[in-house]
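Going letter by letter, the sequence shown gives residues 1 to 336 in full-length UniProt numbering. Take a look at the structure below.
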Amino acid sequence: MAALTENMLVVNILLSVFFLPGDLADYCYGGLTPALRITTPNNMEALTGSCLQIPCTYETENTEFNSSRSIYGVWIKGGNAPYNVIFNSSGSVNTFQLEIIGNLKEKNCTTLFPNLATSHADKYLFRIENYPFRAFACADPLQITIKDSPWSPSINVPSDLKEHQSVTVTCSAFTPCPHSPPELTWNLQQDSLRQTEENTDGTFTTKIQETITLSDTHDGYNITCSAKYPVIGGTKTAETEVTLSVSYAPKDTSASISPSGLVSAGSWVELSCSSRAKPPPRFTWFRISKYGTFNVSVGQVFSFCVTERGEFYCMATNDLGNQRSSVILLSIKGNL
Numbered sequence: 001m002a003a004l005t006e007n008m009l010v011v012n013i014l015l016s017v018f019f020l021p022g023d024l025a026d027y028c029y030g031g032l033t034p035a036l037r038i039t040t041p042n043n044m045e046a047l048t049g050s051c052l053q054i055p056c057t058y059e060t061e062n063t064e065f066n067s068s069r070s071i072y073g074v075w076i077k078g079g080n081a082p083y084n085v086i087f088n089s090s091g092s093v094n095t096f097q098l099e100i101i102g103n104l105k106e107k108n109c110t111t112l113f114p115n116l117a118t119s120h121a122d123k124y125l126f127r128i129e130n131y132p133f134r135a136f137a138c139a140d141p142l143q144i145t146i147k148d149s150p151w152s153p154s155i156n157v158p159s160d161l162k163e164h165q166s167v168t169v170t171c172s173a174f175t176p177c178p179h180s181p182p183e184l185t186w187n188l189q190q191d192s193l194r195q196t197e198e199n200t201d202g203t204f205t206t207k208i209q210e211t212i213t214l215s216d217t218h219d220g221y222n223i224t225c226s227a228k229y230p231v232i233g234g235t236k237t238a239e240t241e242v243t244l245s246v247s248y249a250p251k252d253t254s255a256s257i258s259p260s261g262l263v264s265a266g267s268w269v270e271l272s273c274s275s276r277a278k279p280p281p282r283f284t285w286f287r288i289s290k291y292g293t294f295n296v297s298v299g300q301v302f303s304f305c306v307t308e309r310g311e312f313y314c315m316a317t318n319d320l321g322n323q324r325s326s327v328i329l330l331s332i333k334g335n336l
């Protein structure tokens, strides 16, 4: 019992030497303004078997800090400072094989987590050691979440698509580790421009882009993009699909008559117009006579009682254009 009490006393003394005063007690639990602040996303997601780059910068106004001295970065797992140190850039501790890839003298504490597992999911605190200055960024904990399934890529297509437009289609995938970005593929051109870009918060996104000139054949076309994330032992893939909606002027406009062939005077005939267009077209019927061409009806179907022969055609129109059909000849029996 005496030995156990003696050991506990030694531990308490060591904690006092390395973490107190003016450190954990004052800045984590004392309610004072933190001596160290870091800028990093509050929450970050990572994929099992992959890596995670944590963007990180720090600031301190404490007069004890001196960048000309040695500076060490420390990460504590579980938010339970100072008891679970998992990394110290001095080399004394590195439980998870972390690496600070930022320059601490330039107040850049960007850190790389390799080979993530579900056991990495936790809250983390950062600490700077610049003796005699030592401080935790207690007000800025980082929460890391680990997931088994990759993030689905997003496909960005401009709105209000019309034929003849040149538009840029972009497929984007969250990139937790720019050193090992996902491979993006889609059913557009495979030589599409690929790039990994840094976001405003220091995280990264991988993109591929393709510029296409739209036609009516693109309406209803499915664009599929897949993101293949490299992980330990293989890859993990997620896929996204979007369907294009393209407006276009009338196509394949045609007119028909029923009954066909010669008809008797005084009988009824029905002229019908069809066209492929988006948005759906309006239909107008015209009659050609020796006196000129006249608008005789509005609507897809034109029915009337035959009194004389004639030539007719229809016009399909929407906001993007119009197209006329070929001419239909109406012939009356015995009337050449």
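Note that the Cβ used here is the ideal one computed from N, Cα and C, for glycine as well.
- Put simply, the backbone Cα of Leu193 is about 22 Å away from that of Ser215.
- Note on the UniProt domain "Ig-like" (153-245): whole beta strand (DSSP E) runs with a minimum of 3 residues are 154-156, 166-175, 183-186, 193-198, 204-213, 222-231, 234-243, in chain order.
- DSSP, read as helix, strand or coil, puts Leu104 in helix.
- Contact between the segment 266-285 and the segment 226-236 is not established, with fewer than three Cβ pairs separated by less than 8 Å.
- When the beta-carbon positions are compared, Leu244 and Val157 come within less than 8 Å of each other.
- From the listed residues Asp122, Pro176, Ala238, the smallest Cα separation to Cys51 is found for Pro176.
- When rounded, the separation of the alpha-carbon atoms in Gly266 and Phe304 is 9 Å.
- The segment 63-82 makes no contact with the segment 145-161; the number of CB pairs closer than 8 Å stays below 3.
- Exclusion of the five residues before and after Ala139 leaves Pro34, Arg37 as the residues of its chain whose Cβ lies within less than 8 Å of its Cβ.
- The segment 245-258 and the segment 307-320 touch, with three or more beta-carbon pairs separated by less than 8 Å.
- Distance from the CA atom of Ala238 to the CA atom of Phe174, rounded to whole angstroms, is 11 Å.
- CA-to-CA, the gap between Gly261 and Lys278 works out to about 33 Å.
- Going by beta carbons, Asp148 and Thr240 fall outside the 8 Å limit.
- Close CB contacts of Pro141 within its chain, under the 8 Å cut and outside five residues either way in sequence, are with Asn42, Gly79, Lys123, Tyr124, Leu125 (chain order).
- Counting along the chain, the unbroken beta strand (DSSP E) around Lys278 starts and ends at 268-278.
- By the C-beta density criterion, Arg134 is buried, having at least 16 other C-beta atoms within 10 angstroms.
- In the three-state scheme derived from DSSP, where H, G and I count as helix and E and B as strand, Thr118 is classed as helix.
- By the CB criterion at 8 Å, Ile144 and Ala121 fall inside the cutoff.
- In this structure, DSSP gives Leu47 an extended state, which the three-state scheme calls strand.
- Counting along the chain, Gln53 sits inside the beta strand (DSSP E) bounded by residues 52-54.
- The C-alpha of Glu197 lies about 22 Å from the C-alpha of Glu106.
- Here Pro182 has Ala173, Thr175, Thr206, Ala227, Lys228, Tyr229 as same chain residues with Cβ atoms under 7 Å from its own Cβ, once five neighbours each way along the sequence are excluded.
- The Cβ atoms of Ser275 and Gln209 lie no closer than 8 Å to each other.
- In this structure, the CA atom of Cys56 is about 16 Å from the CA atom of His179.
- Going by C-alpha positions, Thr213 is about 19 Å away from Cys225.
- Within 10 angstroms of the beta-carbon of Thr40 lie 16 or more other beta-carbons, which makes it buried.
- Here the C-alpha atom of Thr170 lies approximately 37 Å from the C-alpha atom of Trp75.
- Here Tyr83 is exposed: its Cβ has fewer than 16 other Cβ atoms, across all protein chains shown, within 10 Å.
- For Gln300, the secondary structure class from DSSP, reduced to helix, strand or coil, is coil.
- If you look at Leu262, you'll find it isn't in any beta strand (DSSP E); DSSP assigns it neither H nor E.
- Cβ contact annotation for Tyr313 (same chain, cutoff 8 Å, sequence separation greater than five): Ala255, Trp285, Phe286, Ile288, Arg324, Ser325, Ser326, Val327, Ile328, in chain order.
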